[in-house]
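J.: So the sequence lines, in the order shown, correspond to chains A, B and C.
Just so we're aligned: 95 in the numbering used here is position 95 of the first sequence, and the numbers increase by one with no gaps anywhere.
Every position in the second sequence, counted from 1, becomes a number in the numbering used here once 1000 is added.
Every position in the third sequence, counted from 1, becomes a number in the numbering used here once 2000 is added.
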Amino acid sequence: MGSNKQEVEVSYDVSNEFFRLWLDERMNYTCAVFESEHQSLEAAQLNKLSILSDFAKVTANKSVLDIGCGWGACLEYLATSRSVKRAVGVTLSSSQAEEVNRRKLPGVECVESDFMKWETTEKFDALVSICMLDHLCSPEEARKGKAIDIYRAYFKKCHEVTNPGAWFGLQTILRNKIPRIKKDLEDIYFCTHVIFPGGLNPRLEDIVQAVNPYWEIITVKQRRHDYERTTAEWLRRMRLHEARIRQEWGDHVFDDYDRYLSTCVRAFDQFYSSLAQYELRRLDA
Amino acid sequence: MTDKHDLLPMFKTVAARVDKRSFDDVTRASVITDLGVDSLSMMQIVGEMETELSIQIPDEDLVEIVTVGDLCSRVERRLV
Amino acid sequence: MRSFVEVLRDNAVYTEHAHTFVRLDGSERRISYPDLWRFACQRAHRFHELGLRKGDRVALIVPEPDAFVLAFMGALTGGLVPVPMYPPLTLAKMDAYGETVRHILRASGAKALVTTPGLEPMLKQHLVLAAGCNDVKLILDAELEGEPELRPVPPCDVALDDLAFFQFTSGSTTMPKGVMVTHANLAHNAHAIMFDGLRATSRDRGVSWLPLYHDMGLIGFVVAPIFAQVEVMFLPTMNFIRRPSSWLDAIHRYRGTITFAPNFAYALATRAVSEEQSRAWDLSCLKAMGCGAEPIHADTLRRFTERFARSGLCAAALLPCYGLAEATLAVTFARLDVPMRVECIDPRAMERGHAAPQREGEGLELVGCGRPFGGHELAIRGQDGTALGERAIGEIWARGPSITRGYFEQPDATRESFVGGWLRTGDLGYLADGELFVCGRAKDLIIVHGKNYYPQDVERVASEVQGIRPDQCVAFARVGADGSEECVVVAEAQKASGKALREIASGVKQRVRGELGLTVAEVVLIKRNTLPKTSSGKVRRRDTRARLERGELELLTERPLAQSVPAARASNPAQV
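(1) Around the Cβ of Leu1071 (chain B), are there at least 16 other Cβ atoms within 10 angstroms (buried) or fewer (exposed)?
(2) Looking at the C-beta of Arg26 (chain A), does it have a partner C-beta in chain D at a distance below 8 Å?
(3) For the region 189-208 of chain A, which residues have a CB atom closer than 9 Å to at least one CB atom of chain B, in sequence order?
(4) Return the residues of the region 271-282 of chain A that lie within a Cβ-Cβ distance of less than 8 Å from chain C, sorted by chain order.
(5) Give me the subset of the region 218-239 of chain A whose CB atoms are less than 7 Å from a CB atom of chain C, sorted by chain position.
(6) Less than 8 Å separating the beta-carbons of Val2158 (chain C) and Gly2079 (chain C)?
(7) Within the same chain, show all residues whose beta-carbon is closer than 6 Å to that of Met2073 (chain C), passing over the 5 residues directly before and after it, in chain order.
(8) Would you identify the three-state DSSP class for Tyr2086 (chain C), choosing helix, strand or coil?
(9) Does DSSP put Lys85 (chain A) in a helix, a strand or coil?
(10) Taking only beta-carbon positions, decide if Leu185 (chain A) is within less than 8 Å of chain B.
(11) Pull the bridge partners of Cys2291 (chain C) from the DSSP assignment, please.
(12) Could you pull the DSSP bridge partners for Ala2477 (chain C) from this structure?
(13) Quick check on the DSSP output: the alpha helix (DSSP H) that includes Asn291 (chain A) runs from which residue to which?
(14) Determine contact between the region 2419-2432 of chain C and the region 2461-2477 of chain C, defined as no fewer than three beta-carbon pairs at a distance below 8 Å.
(15) Could you check if His252 (chain A) is buried or exposed, using at least 16 other CB atoms within 10 Å of its CB as the buried criterion?
(16) Can you name, in chain order, every residue of its own chain whose Cβ lies under 8 Å from the Cβ of Thr2530 (chain C), other than the five neighbours on each side?
(17) Residue range of the beta strand (DSSP E) that Gly198 (chain A) falls in?
(18) Taking CB distances under 8 Å as the criterion, tell me whether Ala2018 (chain C) reaches chain A.
(19) With C-beta atoms as the reference, is Val1046 (chain B) less than 8 Å away from Arg180 (chain A)?
(20) Beta carbon of Gly1069 (chain B), beta carbon of Arg1028 (chain B): below 8 Å?
(21) Does Glu96 (chain A) have its Cβ less than 8 Å from a Cβ in chain C?
(22) Return yes when the Cβ of Lys1012 (chain B) is within less than 8 Å of the Cβ of Val1031 (chain B), no when it is not.
(23) Between the region 66-82 of chain A and chain C, which residues of the former have a C-beta closer than 7 Å to a C-beta of the latter?
(24) Name the chain A residues whose beta carbon is nearer than 7 Å to that of Asp1059 (chain B)?
(25) Given a cut-off of 8 Å, decide if Ala2018 (chain C) and Ser2027 (chain C) are closer than it, judged by their beta-carbon atoms.
(26) For Tyr2430 (chain C), which beta-bridge partners are listed by DSSP?
(27) Using C-beta distances below 6 Å, list every residue in its chain close to Asp226 (chain A), excluding the 5 sequence neighbours before and after it, in chain order.
(28) Using 8 Å as the limit for Cβ to Cβ distance, is Asn101 (chain A) near chain C?
(29) Comparing alpha-carbon positions, which option in C:Glu2377, C:Gly2368, C:Arg2405 lies nearest Arg2391 (chain C)?
(30) Can you pull the chain B residues whose beta carbon is under 7 Å from the beta carbon of Lys182 (chain A), in chain order?
(31) Got a sec: is the Cβ-Cβ distance from Arg143 (chain A) to anything in chain B below 8 Å?
(32) May I ask which residues mark the beginning and end of the beta strand (DSSP E) holding Met2233 (chain C)?
(33) Starting from His38 (chain A), find everything on chain C with Cβ-Cβ shorter than 7 Å and list it in chain order.
(34) Taking only beta carbons into account, state which residues of the region 2034-2056 of chain C come closer than 8 Å to chain A, listed in chain order.
(35) Could you check where the beta strand (DSSP E) with Glu112 (chain A) kicks off and where it finishes?
(36) In the structure shown, what three-state DSSP assignment does Phe2221 (chain C) receive?
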């Protein structure tokens, strides 16, 4: 197992208010895709949702599943901007699930569950999953050579919950190269143990192997510099609220997140990490 | 390989520089984790060897390394 | 890059965001972002039900801002090509207005015209008369209305390569031409304006009274802010003209951060806002006050910022910019948070085509309009198209993704201005450290004895003469009796007695000679409110000249026998 429920709570449950200070207003905690050099984070986050929805061939008459829905930014987008008749989200975090259901978005339902163990008879016409797969495999499992099997089980599960003809807009962080510099190594170790415990990011070739025989890769878009800009903007905004964060959540929260976000910016710049978006077509038997 | 580097002495020198202690007793059979080298130091040692030899070792090659000899042979393979 | 329609759709998640429309009767209407999208889809379907299809042109003459914006967005969402037109400003001069309407309808090939019940009878009358306009379908604005769809889906796809709308140029120099603006042009220019120029985020708020049928109001406030989730408060243009304080008052109340206006509006606000009206204002919220669309006078802007400094206005918020309809809207922006850059230029060196800076207080003041947006490029070129160097004055050429496709069904005019990917702007200027300074329009140059004079400068100086109505004058060139070019000034006078008029005329001549070294051949004084203007209030130099020659101006004094012919275009060095 990668990240379990406790670990996801560690990652996301500092306090919604804390994240509200430095994420965009819709609370997207994943990579935005910028359309121009100085575009705002808000606009770029909507663009990201637009791209993934287009990859998933979302239209108003379809039902869509968002695997790892976070605070529901994508569900909200699917329900309001794309007018889909039904949008279901799955998250491990109870506070996220409550938050999403409290908003009573039309056609939206959020389920608190481990997607891999989630039992449902419902079949969806389209899938979106944004940076959830990154949490599935632990470093220990990767060392034992289990990564591909774990990811393949995920793609199999995705296949099972979809109707024939489904499309899938997937976004994942990627790991590329382990740093050889001590400080970078320590920073990344810190991030994977303190901020996001449990998960090890996949490599691009892992995904390429694991989608078979369930999904066909139609498009892969590399977005490394978009994530560099996204994390740099989060860092900039968080630092604007330094005094308040130190006062309300303590020095360690500010210092930890400052280090975490700085490390992310550098990791994407140095290509230790990257980000990819995939347009996947369901392989129907 | 005609111009064969002797990689064990190089490992000892680099490891001593990175971890600031002696690695004189190390052999190719030594298990890396038994040497008290953590994964961070290990990657630095790899990085310094890459720089000195002007090679790049893909991360995947580093996954199954257990002994110092494993590391040396991975590096040798890149020197062909 | 997403199109305007896709961004409008995506913005529906901003449920708490809204545009606010102040209506002519003073009431306010808020339309939320999700409703903007739902109304746009509903109207798009309505257009299709009325028989219009993707690519069809639809003219809009709709005075109320909210109705106009919804019709415009609905047309774009339905893949139609809206042709925004100005409503009649007064009941007088209806024949001239009808002529313009017919010209634009014919030139755009519009299939339909959306208007209001109040304007319908007059428009019907004009259209029936006109050849080529008989089959234009009249649609009343109310026919487009309906319940917004709960699950809106647009009737067709709109691609970036598709035409978005036609922007008819004000026609300062020729009869109106329809600039073909694509969705890609709109997206690129909106990104450049909102993000490169204004660094806007969803927290920003725009305030605008600009007419929506012109590029600055339409693209600047109806189109571009949507790309950055910026909420806008729209005021009717007439509210500002009647009560200039309403503009700054709205900024104060609404906590506006972004506004735009031409130079004249800054002068008007400085002059017309009373101490009492402004006492309670806090204008510190403003981070960008754009100024463009007409020549920018440093003095006007300085007086404005000095006047409102006590209301917390930050002088660095002033943002001179340069652009034109053929480049969608804007090409350059001065930098945010940096005080405006003013240069004093030696007028004699300028006549020789070189912008030599002088000490402060000497020479002509020019305001820097900033650098081109990312991905855009400027060049200063001579009459033969050769590139000129730093500080050389020549025609401004522009290149980049905001440059439009040209004029609709006018291949000759298009070929003249759109050359190998470059747009010839017809404006004169120079570059200093990459920053653009605009000197005037190439076509309006006055060249006397081989020296270039800019009509804007003559007009500015003439306006300062006692008895001339400020900014109500034009200067232009004509060929004099001896075959050389000479300068004429036509101005509206405040007084009517013969002696006073003679004094005013000689005052103008003296002042212009004193400040610019130019001898004015004739000063023609005319009645108040009779100077030909464009719909946006710009003076029409060529039109004024033509009317003077035809004896159509309402003169206050008798003129000596006309002894002149119009200036030959070939005498203009900046023209090919």
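From the three backbone atoms N, C-alpha and C, an ideal C-beta is built for every residue, glycine too.
T.: Result, derived from the coordinates:
(1) Under this definition Leu1071 (chain B) is a buried residue.
(2) In the structure shown, chain D does not exist; the protein chains are A, B and C.
(3) If the cut-off is 9 Å between Cβ atoms, the region 189-208 of chain A has Tyr189, Arg203, Glu205 near chain B.
(4) Listed by position, the residues of the region 271-282 of chain A near chain C (Cβ gap below 8 Å) amount to none.
(5) Answer in chain order: no residues at all.
(6) In contact: Val2158 (chain C) and Gly2079 (chain C) (Cβ atoms closer than 8 Å).
(7) Excluding sequence neighbours, Met2073 (chain C) sits near Ala2040.
(8) The three-state reading of DSSP puts Tyr2086 (chain C) in coil, since its state is none of H, G, I, E or B.
(9) Reduced to three states, the DSSP call for Lys85 (chain A) is coil.
(10) Under the 8 Å criterion on CB atoms, Leu185 (chain A) is classed as interfacial with respect to chain B.
(11) Bridge partners of Cys2291 (chain C): C:Ala2261, C:Pro2320.
(12) Answer is C:Cys2487, bridged to Ala2477 (chain C).
(13) Residue 291 (chain A) is absent from the model: chain A starts at 1 and stops at 285.
(14) Proximity of the region 2419-2432 of chain C to the region 2461-2477 of chain C falls short of the contact definition, fewer than three beta-carbon pairs being nearer than 8 Å.
(15) Exposed, because fewer than 16 other Cβ atoms sit within 10 Å of the Cβ of His252 (chain A).
(16) Taking C-beta separations shorter than 8 Å and ignoring five residues to either side along the sequence, the partners of Thr2530 (chain C) in its chain run Glu2492, Leu2553, Glu2554, following chain order.
(17) For Gly198 (chain A), there is no enclosing beta strand (DSSP E), as DSSP marks it with neither H nor E.
(18) Not flagged as an interface residue toward chain A: Ala2018 (chain C), since no C-beta distance is shorter than 8 Å.
(19) Cβ atoms of Val1046 (chain B) and Arg180 (chain A): closer than 8 Å.
(20) Against a cut-off of 8 Å, the Cβ pair of Arg1028 (chain B) and Gly1069 (chain B) comes out as a contact.
(21) As written in the sequence, residue 96 (chain A) is Gln, which differs from the Glu given in the question. Output row for Gln96 (chain A): interface = no.
(22) Contact flag unset, no.
(23) Listed in sequence order: Glu76, Tyr77, Thr80, Ser81.
(24) Near Asp1059 (chain B) (Cβ distances below 7 Å), the residues of chain A are Lys177, Ile178.
(25) Result no, Cβ atoms of Ser2027 (chain C) and Ala2018 (chain C) do not sit closer than 8 Å.
(26) Beta-bridge annotation (DSSP): Tyr2430 (chain C) is paired with C:Phe2437.
(27) Take Asp226 (chain A), set aside five residues on each side of it, and the residues of its chain with a beta-carbon closer than 6 Å to its own are Cys31, Val33, Phe34, in chain order.
(28) Not closer than 8 Å to any Cβ of chain C, the Cβ of Asn101 (chain A) fails to qualify, so no.
(29) Minimum Cα distance to Arg2391 (chain C) is reached at C:Gly2368.
(30) Neighbours of Lys182 (chain A) in chain B, taken as residues whose beta carbon is under 7 Å from its own, are Leu1040, Gln1044 in chain order.
(31) For Arg143 (chain A), the answer is yes, since a Cβ of chain B falls inside 8 Å of its Cβ.
(32) DSSP places Met2233 (chain C) in the uninterrupted beta strand (DSSP E) bounded by 2231-2234.
(33) Residues of chain C with a Cβ closer than 7 Å to the Cβ of His38 (chain A) are, in chain order, Phe2195, Asp2196, Arg2199.
(34) Going along the region 2034-2056 of chain C in chain order, one finds Pro2034, Trp2037 with a Cβ nearer than 8 Å to chain A.
(35) Taken as a continuous stretch (DSSP letters only), the beta strand (DSSP E) holding Glu112 (chain A) covers 108-112.
(36) Three-state result, Phe2221 (chain C): helix.
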